[in-house]
DNA sequence: TGCATATATACCCGTTAGGGTATATATGAA
DNA sequence: TTCATATATACCCTAACGGGTATATATGCA
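Protein chains in written order, with the numbering used here: chain F, 411 to 493; chain X, 411 to 493.
And the structure:
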């Protein structure tokens with residue numbers, strides 16, 4: 411399962427979906443990484459205002475890998491003024 | 411170019427690397443997304459204490475896509491007690 | 001090496017993240 | 001529908017995020 415994330419809400423949905431897929435409650439997930447359930451709830455519903463630390467912690471319990479990839483850039487980009 | 415991120419420092423290095431690859435200064439990157447240069451610096455050097463919002467903003471100017479992927483899980487997992 | 005530019009960080013400030021605790025509300029199964 | 005459990009959120013509190021401004025330090029090129 412792979413999620414492409416561009417917005418906070420997409421991130422939140424992905425986190426929630428992954429957690430449920432694992433059959434974990436927010437409370438269980440939180441306990442495993444030393445966070446409070448409310449922090450998990452915040453990450454799932456208001457990710458933009460949460461810290462990267464809490465995100466990375468949750469990712470580790472959800473067994474999710476975070477990858478950053480350069481967006482497809484065809485060769486030389488919009489500098490091509492001729493058509 | 412793809413970066414696999416598990417720690418704040420890995421994230422910071424990836425962000426910095428991507429920015430330099432694009433030939434952007436922190437000041438230019440910051441200006442493009444309405445952040446201060448110091449915020450870019452913080453993301454590159456102390457990512458754990460920065461917000462997910464600032465991260466997503468920087469990713470957009472760096473043209474980086476964030477992907478979450480389930481770690482390789484062979485079928486049925488450690489529930490297999492027989493050997 | 002000198003110097004222009006880039007970067008990290010200091011200080012001030014207002015807002016807020018998340019710990020702690022509690023509970024109203026939502027969810028899901030029987 | 002009922003009810004046990006899960007979740008979202010309220011309130012308190014302290015540390016800290018990031019805006020704003022300034023500058024010490026680092027970087028890179030000639």
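Glycine is no exception: its CB is placed at the ideal position from the N, C-alpha and C atoms.
With a threshold of 7 Å between beta carbons, residue 481 of chain X makes contact with chain F. Chain F places a beta carbon closer than 7 Å to that of residue 465 of chain X, counting this residue as a contact.
Apart from sequence neighbours up to five positions away, the residues of its chain that approach residue 452 of chain X with a beta-carbon distance below 6 Å are 460, ordered along the chain. If you draw a 10 Å sphere on the C-beta of residue 446 of chain F, you find fewer than 16 other C-beta atoms in it, and that means exposed. With a 10 Å radius around the Cβ and a threshold of 16 neighbouring Cβ atoms, residue 416 of chain F comes out exposed. Residue 434 of chain X and residue 425 of chain F have their C-alpha atoms roughly 32 Å apart. With respect to the 7 Å criterion, residue 476 of chain X and residue 469 of chain X are classified as neighbours on the basis of their beta carbons.
Bridge pairing for residue 476 of chain F: X:415, X:478 [DSSP]. Each residue's CA atom was taken as its position, placing residue 431 of chain F and residue 439 of chain F some 12 Å apart. The C-alpha of residue 465 of chain F lies about 23 Å from the C-alpha of residue 411 of chain X.
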